[in-house]
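Take a look at the structure below.
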Amino acid sequence: MSYRTIATSVEAEIEIKKSRFLARLSPAADEGEARAVIADCRAVRPKARHHCSAFVLDPDSRTQRFSDDGEPAGTAGAPILDVVSGHQLTYVVAVVTRYFGGTLLGAGGLVRAYGQAASEAVERARIITRHELVPVRADVDYAQANALERAAGNRGWTTRAEYGGEVGLDVLVPLAEVDAALEMYADLTAGQAEPAVGEVEWV
Numbered sequence: 094m095s096y097r098t099i100a101t102s103v104e105a106e107i108e109i110k111k112s113r114f115l116a117r118l119s120p121a122a123d124e125g126e127a128r129a130v131i132a133d134c135r136a137v138r139p140k141a142r143h144h145c146s147a148f149v150l151d152p153d154s155r156t157q158r159f160s161d162d163g164e165p166a167g168t169a170g171a172p173i174l175d176v177v178s179g180h181q182l183t184y185v186v187a188v189v190t191r192y193f194g195g196t197l198l199g200a201g202g203l204v205r206a207y208g209q210a211a212s213e214a215v216e217r218a219r220i221i222t223r224h225e226l227v228p229v230r231a232d233v234d235y236a237q238a239n240a241l242e243r244a245a246g247n248r249g250w251t252t253r254a255e256y257g258g259e260v261g262l263d264v265l266v267p268l269a270e271v272d273a274a275l276e277m278y279a280d281l282t283a284g285q286a287e288p289a290v291g292e293v294e295w296v
């Protein structure tokens, strides 16, 4: 399993009929972080009339929230959410702050403006994919570590190592390939290694 998210926060700005729409797209590990980003946007721009937002959480994107923050229902938060979910992003919060320019945009105009501002921010974001992997770890000698790292690389697996008197080697594999990783340790260390299977990580 995998999911798409963003590497770091980005911002974008558009202007429509003298109204300014400032979008901020940020990573958020949970609902608390998402709400903290929204609160920060309010604190940084206290004179803005609206701070409309949406966030998506969980690897399967099942947690989704949005707020119109005083704009007509369905004209702000929902279009922002549509942009985030339409790009299949999760663990992301988007806030679009509006400075009213004096001209009413109408419901359709607001939907387009908020959606466009959020889209501009997504276009600037560096999107990354995280995969569900299981670390299979053992302490091995340096020669064995080199052989294991090469073999793991040939299979498309990633490794990480801690060097001391021995090498603490993690081979990160999909859940379905744990048995194959255990066999690799056994083959390349002549059964000397005693690998342990760790908890699932998102890498």
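Residues 94 to 296 in my numbering are what the sequence shown lists, from first letter to last.
Even glycine gets a Cβ: it sits at the ideal position worked out from N, Cα and C.
Keep in mind that this is a model prediction, so the values were computed, not measured.
C-alpha distance - GLU106 paired with ALA187, whole-angstrom precision: 13 Å
HIS143 to PRO288 span [Cα, whole Å]: 55 Å
Please report how far the alpha carbon of ALA283 lies from the alpha carbon of GLU276, in whole angstroms. 10 Å
In three-state DSSP terms, what is GLU164? coil
Nearest-angstrom Cα distance between ASP161 and PHE193? 15 Å
Going along the chain, which unbroken runs of the beta strand (DSSP E) with 3 or more residues stay wholly within the stretch 170-194? 185-192
Could you tell me which residues DSSP pairs with GLU225 in its beta bridges? TRP295
VAL204: which of ALA171, VAL229 and ALA231 sits nearest, CA to CA? ALA171
Looking at the unbroken beta strand (DSSP E) that takes in ARG97, where does it start and where does it end? 95-99
Pick helix, strand or coil for GLU106, following the three-state DSSP scheme. strand
By the three-class DSSP mapping on this structure, what secondary structure does ALA240 have? helix
Reduced DSSP secondary structure (H/G/I, E/B, other) of ARG217: helix
Quick check: the stretch 130-144 against the stretch 173-191, are at least 3 beta-carbon pairs closer than 8 Å? yes
Who pairs with SER154 in a beta bridge, going by DSSP? According to DSSP, SER154 bridges with nothing at all.
Do you know how far the Cα of ASP151 is from the Cα of LEU262? 29 Å
In angstroms with no decimal places, state the Cα-to-Cα distance between ALA127 and VAL176. 17 Å
List the whole-angstrom C-beta distance separating ALA286 from ALA231, where the pair is believed to meet the contact cut-off of C-beta under 8 Å. 4 Å
Identify whether ASP263 lies in helix, strand or coil by the three-state DSSP scheme. strand
Tell me whether the beta-carbon of VAL260 lies closer than 8 Å to the beta-carbon of VAL229. no
With a cut-off of 8 Å on the beta carbons, I'd call VAL185 and THR98 a contact; round off their distance for me. 6 Å
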